[in-house]
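> One structure is given below, represented as structure tokens, and several questions about it will come after.
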Amino acid sequence: MRIAIFTFLFLVLNFAGFSQNSILIKNVNVWNGTSNQLNKNVSVLIKNNLIAAISKNIAEPEETIVIDGKGQTLIPGLSDAHVHLSATMSDNETRNEAHWMYTSIRTAKAAENFLMLGFTTVRDLGGPVFGIKRGVDEGLIPGPRIYPSGAYISQTSGHGDFRGANEPSVALSGGQMTASDAALGWAFVVDGVPEVLKASRENLRQGATQLKVMAGGGISSDFDPIHSVQFTTEELEAAVQAAADWDTYVAVHIYEPKGAIRSLNAGVKCLDHGHLLNEEAIKLIKEKDAWLVPQAFWTDTPASFWAPGSDVIPDALNKKIKPVLEGTDTVFKLAKKYAINVGFGSDAYGDLGYETYALTEFTSRTKWYSPLEILKQATSENARLFSLSGKINPYTKGKLGVIEVGAYADLLIYDGNPLKNIEIVAHPEKYLKLIMKDGKVYKNKL
Ligand SMILES: [Zn+2]
Numbered sequence: 436m437r438i439a440i441f442t443f444l445f446l447v448l449n450f451a452g453f454s455q456n457s458i459l460i461k462n463v464n465v466w467n468g469t470s471n472q473l474n475k476n477v478s479v480l481i482k483n484n485l486i487a488a489i490s491k492n493i494a495e496p497e498e499t500i501v502i503d504g505k506g507q508t509l510i511p512g513l514s515d516a517h518v519h520l521s522a523t524m525s526d527n528e529t530r531n532e533a534h535w536m537y538t539s540i541r542t543a544k545a546a547e548n549f550l551m552l553g554f555t556t557v558r559d560l561g562g563p564v565f566g567i568k569r570g571v572d573e574g575l576i577p578g579p580r581i582y583p584s585g586a587y588i589s590q591t592s593g594h595g596d597f598r599g600a601n602e603p604s605v606a607l608s609g610g611q612m613t614a615s616d617a618a619l620g621w622a623f624v625v626d627g628v629p630e631v632l633k634a635s636r637e638n639l640r641q642g643a644t645q646l647k648v649m650a651g652g653g654i655s656s657d658f659d660p661i662h663s664v665q666f667t668t669e670e671l672e673a674a675v676q677a678a679a680d681w682d683t684y685v686a687v688h689i690y691e692p693k694g695a696i697r698s699l700n701a702g703v704k705c706l707d708h709g710h711l712l713n714e715e716a717i718k719l720i721k722e723k724d725a726w727l728v729p730q731a732f733w734t735d736t737p738a739s740f741w742a743p744g745s746d747v748i749p750d751a752l753n754k755k756i757k758p759v760l761e762g763t764d765t766v767f768k769l770a771k772k773y774a775i776n777v778g779f780g781s782d783a784y785g786d787l788g789y790e791t792y793a794l795t796e797f798t799s800r801t802k803w804y805s806p807l808e809i810l811k812q813a814t815s816e817n818a819r820l821f822s823l824s825g826k827i828n829p830y831t832k833g834k835l836g837v838i839e840v841g842a843y844a845d846l847l848i849y850d851g852n853p854l855k856n857i858e859i860v861a862h863p864e865k866y867l868k869l870i871m872k873d874g875k876v877y878k879n880k881l
């Protein structure tokens, strides 16, 4: 009987996520998300969903669950500033074959997978995710906090225009785009200021915390060369204006300097990717106090990441990927040289299980950054980026990305010190002993 109760509790604690008014974690070394060192042998008291105290001696309040941290390392929950939770299948499967409800279930599973790797917050940069965010926030399904962008805003022929060669333009022919694009919130293909405004406002109406605009060529789209510059200055300014009127910002997809400079001058606050940026563009990011979210792990991925089920990347695709990978080293060096704001974002999407590529980003960034710098990017620095959502930031009861009194109780405990060895973060199955988000425990192997 005793064993049965114990097993039951274990299941509740481990799989349902449990919430108690107060939880005391004793005997941990705390890294607070900003400092250069650990605060050794302290206790952390969590009340409801916030951190209430961090100190050497905390008296055990009544009816408190006590967790012995066993001298391990407690850090803020990780965040990923560039995910696409809903993109778990090929375009063809999503657009033509799978039922949208099945796609949603896979999206929920991707959200859970990210949480169980240690990501307690993600910024979703495109795709239908509003319902998943609501479900997570209401505690219906496990997942990270989500900053959603909603549908990609793309020009005709841009990086978000995923029509096949035989699919007509809605505007030019009256033909219908497939339901998975505009109707289900994958992409708004728009041209001209009024259409950009309408798409921007539509996303804001749905609950976008920032807008995602395609400002240049992409790898996964067939009709736009990487060097292409997308959207005019006026169109970009229209999106920025619509976002600013909601007190938020625009993030753009861009590799090349020309589109990056145009975007920054239009008021865009975050450049995602940016692998081909030059000194001029990086300096402008610095001048504008904007952000760059590049992907390091791409240079360390197998061909099958780009071309699922294959050992070779097809020529046409490789033509797009090659320059992007070659630019990676230069852009990271420039970012470091000019000490610009760098977010931690993986863009790790694809089949379920691909979420683990987001952890590869930690090890890949060691070519340019120390473990401490990378961990700051993935915690307190990303939180600064997310806070650009201003008055529509959905998570303002506490701080994110730090272990401080009053901060959200989003925290991880690792067996080992990730400030010394980043591999510890990259292998959660071995080292990650506790996951807490919003004061609830989702994993406890202590
Ligand atoms: Zn992306």
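Just so we're aligned, residue 436 is where the sequence shown starts under my numbering, counting upward by one. Cβ coordinates follow ideal geometry from the N, Cα and C atoms, glycine included.
As a quick check of your reading: which residues have a C-beta less than 6 Å from at least one non-hydrogen atom of ligand 1, in chain order?
That query returns the following residues: H517, H519, L560 and D782.
> From H519 to R541, what does the alpha carbon distance come to, in whole angstroms?
Within the sequence shown, the letter at position 84 stands for residue 519. Within the sequence shown, the letter at position 106 stands for residue 541. For H519 and R541, the distance between alpha carbons rounds to 12 Å.
> Where does the unbroken beta strand (DSSP E) through N828 begin, and where does it stop?
Reading the sequence shown from its first residue, position 393 is the one you call residue 828. No beta strand (DSSP E) contains N828, which DSSP labels as neither H nor E.
> Taking C-beta to C-beta, are H594 and H688 nearer than 8 Å?
In the sequence shown, counting from the first residue as 1, residue 594 sits at position 159. In the sequence shown, counting from the first residue as 1, residue 688 sits at position 253. In this structure, H688 lies closer than 8 Å to H594 by Cβ.
> Can you give the Cα-Cα distance for G553 and I870, rounded to whole angstroms?
By 1-based counting over the sequence shown, the position of residue 553 is 118. By 1-based counting over the sequence shown, the position of residue 870 is 435. Using only the alpha carbons, I get a separation of about 6 Å.
> Would you mind reading off the limits of the alpha helix (DSSP H) that contains I863?
Locating residue 863 in the sequence shown gives position 428, counting from the first residue. Rather than Ile, the amino acid found at residue 863 in this sequence is Pro. Looking at the DSSP string, the run of the alpha helix (DSSP H) that includes P863 is P863 to Y866.
> When you compare only the Cα positions, how much space is there between F875 and T591?
Counting from 1 along the sequence shown, the entry for residue 875 is found at position 440. Counting from 1 along the sequence shown, the entry for residue 591 is found at position 156. Position check: residue 875 holds Lys in this sequence, whereas Phe was assumed. C-alpha separation (whole angstroms): 44 Å.
> To the nearest angstrom, how far is it from the Cα of P583 to the Cα of N492?
Taking the first residue of the sequence shown as position 1, residue 583 is located at position 148. Taking the first residue of the sequence shown as position 1, residue 492 is located at position 57. Each residue's Cα considered, the two are about 40 Å apart.
> What residue range is occupied by the uninterrupted beta strand (DSSP E) comprising R580?
Here the question's residue 580 lines up with position 145 in the sequence shown. Unbroken beta strand (DSSP E) run through R580: R580 to P583.
> Rank L560, E602 and W535 by C-alpha distance to the C-alpha of G780 and give the top, closest one.
Start at 1 with the first residue of the sequence shown, and residue 780 comes out as number 345. Minimum Cα distance to G780 is reached at L560.
> Could you check whether the region 662-669 touches the region 686-706, counting it as contact only if at least three pairs of C-beta atoms, one from each stretch, sit closer than 8 Å?
The answer is yes - the region 686-706 touches the region 662-669, with three or more Cβ pairs under 8 Å.
> Contact check, L790 vs A545 under 8 Å by CB: the rounded distance?
Within the sequence shown, residue 790 is the residue found at index 355, counting from 1. Within the sequence shown, residue 545 is the residue found at index 110, counting from 1. For clarity, residue 790 is Glu in the given sequence; the question names Leu instead. So it is a contact: roughly 6 Å between Cβ atoms.
> State the DSSP-derived secondary structure class of R800, mapped to helix, strand or coil.
Translated into positions along the sequence shown, residue 800 becomes position 365. Residue state, collapsed to three classes: helix.
> What's the C-alpha gap between H708 and I502?
Here the question's residue 708 lines up with position 273 in the sequence shown. Here the question's residue 502 lines up with position 67 in the sequence shown. C-alpha separation (whole angstroms): 40 Å.
> Run through the region 712-784 for me and flag every whole alpha helix (DSSP H) of 4 or more residues, listed as ranges in chain order.
With a minimum length of 4 residues, the continuous alpha helix (DSSP H) runs that stay inside the region 712-784 are 714-723, 738-741 and 750-772.
> With 16 other CB atoms within 10 Å as the buried threshold, where does R598 fall?
In the sequence shown, residue 598 corresponds to position 163, counting from 1. Per the 10 Å Cβ criterion, buried.
> Distance, Cα to Cα, L446 vs I500?
In the sequence shown, the residue the question calls residue 446 occupies position 11. In the sequence shown, the residue the question calls residue 500 occupies position 65. Any reading at L446 must be qualified, since the residue scores a pLDDT of 41, below 50, and its modelled position is unreliable; the value itself is stated next. If you take the alpha carbons of L446 and I500, they lie about 16 Å apart.
> Please specify which runs of the beta strand (DSSP E), each continuous and at least 3 residues long, are wholly inside the region 624-696, giving them in chain order.
The region 624-696 contains these whole beta strand (DSSP E) runs: 646-649 and 685-689.
> How big is the Cα-Cα spacing for V759 and V463?
The residue you call residue 759 lines up with position 324 of the sequence shown. The residue you call residue 463 lines up with position 28 of the sequence shown. So the two alpha carbons sit approximately 42 Å from each other.
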